[in-house]
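Sequence positions in the sequence shown follow our numbering and run 78 to 259.
Idealized CB from N, CA, C, for every residue including glycine.
Model, not experiment: these values are computed from the prediction.
Here the structure is laid out as C-alpha cells; the discussion comes afterwards.
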Amino acid sequence: MSSTAGVFVRVDEKPGHCPVCKGEQWLVQKSAPRYGKTLAHGQFEARETVYVCAAGCKNATGTLVTHRADSLVRNIVPQCVVGYDVLVFVGIERFLHHKQREEIRMRLEHEYGIRLSSGGISHHCHSFVKYLARLHNARTELLKTVLKGDGGWPMHVDATGEHGRGTIFAVVAGWRRWVLGA
Ligand SMILES: [Zn+2]
C-alpha cells in the first residue's frame, strides 16, 4: 500500500440529538488536528470538529456534553495516534509470531507506510497486553461456560523465572490449550 502521509482529512460528522436535552442545536467547540496511523488508511492528519450542546447540557460527571467524530473514536486508541488495527497487528506479531520490535517496525513501514519508533512499538506491545487482559476479564463468564460445557478443565500450572527477575506464572486449560491466567 502506498503511504497516505501528508494526506489531510476533514472529519465533520453531524452530531444528531443531544443525549441529555434531545435538542439538535450544537455549537462548534473546537476544530483540532488529530494525527492517525491505521493499517486501513496509513498515516494521515484529520481535522476533527468537536461540537458542544448549544443548551450547555452537562454529563453526569459535570463535563459539557460534546460530540466527537465517531469514525475517529471507533478506530483510534484514546490519547494515542495509532488505530486499534495497528495495536492488534503489533501484539500478534510480537506475542504470537515472536517477531523482534525492529522487524515489526520495518513491516509497518514497508507494507503500510506507517512509521513508528522502536520505543513506540514497545509501548503498543504493553497496550495490547493491557487491552487483551481487559477483554479476557470481560469475557470470563463466557469462557467459564465453554469450559464447563467440556465437562471441566484440567489445569496445567507452571512457573518460570530468571534469577532475580521475578516469575512468570501460567495456568493453562489442558484440553483447549487456553491460558486462563498468567
Ligand atoms: Zn443538550
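| Which residues DSSP lists as bridging Phe166, in chain order | Taking the sequence shown and counting its residues from 1, one reaches residue 166 at position 89. In DSSP, Phe166 forms no bridge with anything.
**Prompt:** Taking Cβ to Cβ, would you say Glu170 is nearer than 9 Å to Ile153?
**Reply:** For this step, residue 170 is matched to residue 93 along the sequence shown. For this step, residue 153 is matched to residue 76 along the sequence shown. A distance of 9 Å or more separates the beta carbons of Glu170 and Ile153.
Fill in: CB of Ile265 within 9 Å of CB of Val159, strictly
Nothing about residue 265 can be reported from this structure: the residues present for the chain run from 78 to 259 only.
Q | C-alpha gap between Gly139 and Gly133, whole angstroms | A | Residue numbering aside, residue 139 sits at position 62 when the sequence shown is read from its first letter. Residue numbering aside, residue 133 sits at position 56 when the sequence shown is read from its first letter. Answer to the nearest angstrom: the Cα atoms are 11 Å apart.
Within 8 Å, do at least three Cβ pairs link the stretch 218 to 227 to the stretch 194 to 202? no
Have a look at His174 and Val129 and give me their C-alpha separation to the nearest angstrom. Within the sequence shown, the letter at position 97 stands for residue 174. Within the sequence shown, the letter at position 52 stands for residue 129. Straight-line Cα distance between these residues: approximately 45 Å.
>> Which complete beta strand (DSSP E) runs does the stretch 110 to 142 hold, if anything under 3 residues is left out?
In response: 119 to 130
Let me check understanding here. Comparing Cα to Cα, which of Thr126, Thr237, Gly238, His240 lies closest to Ser148?
Mapped onto the sequence shown, residue 148 falls at position 71. Of the residues Thr126, Thr237, Gly238, His240, the one whose Cα lies closest to the Cα of Ser148 is Thr126.
What first and last residue would you give for the alpha helix (DSSP H) that runs through Thr244? Here residue 244 refers to the residue found at position 167 when the sequence shown is read from its first residue. Segment: none, Thr244 is in no alpha helix (DSSP H) and carries neither H nor E.
Between which residues of its own chain and Lys135 is the CB-CB distance below 7 Å, once the five residues before and five after are set aside? Along the sequence shown, read from residue 1 onward, the residue named residue 135 stands at position 58. Excluding sequence neighbours, Lys135 sits near Leu141, Val142.
Determine which residues share a DSSP beta bridge with Arg87 and list them.
Here residue 87 corresponds to residue number 10 of the sequence shown, with the count starting at 1. DSSP lists Arg124 as partners of Arg87.
- Message: Assuming the contact rule is C-beta atoms closer than 8 Å, Phe85 and Leu116 should be a hit. Round their C-beta distance to whole Å, please.
- Response: Numbered from 1 along the sequence shown, position 8 holds the residue referred to as residue 85. Numbered from 1 along the sequence shown, position 39 holds the residue referred to as residue 116. Between Leu116 and Phe85 the Cβ distance is about 19 Å, and since that is not below 8 Å, they are no contact.
request  = Tell me whether Asp235 sits in a helix, a strand or coil according to DSSP, three-state version.
outcome  = On the sequence shown, position 158 is the one that residue 235 refers to. Strand, per DSSP.
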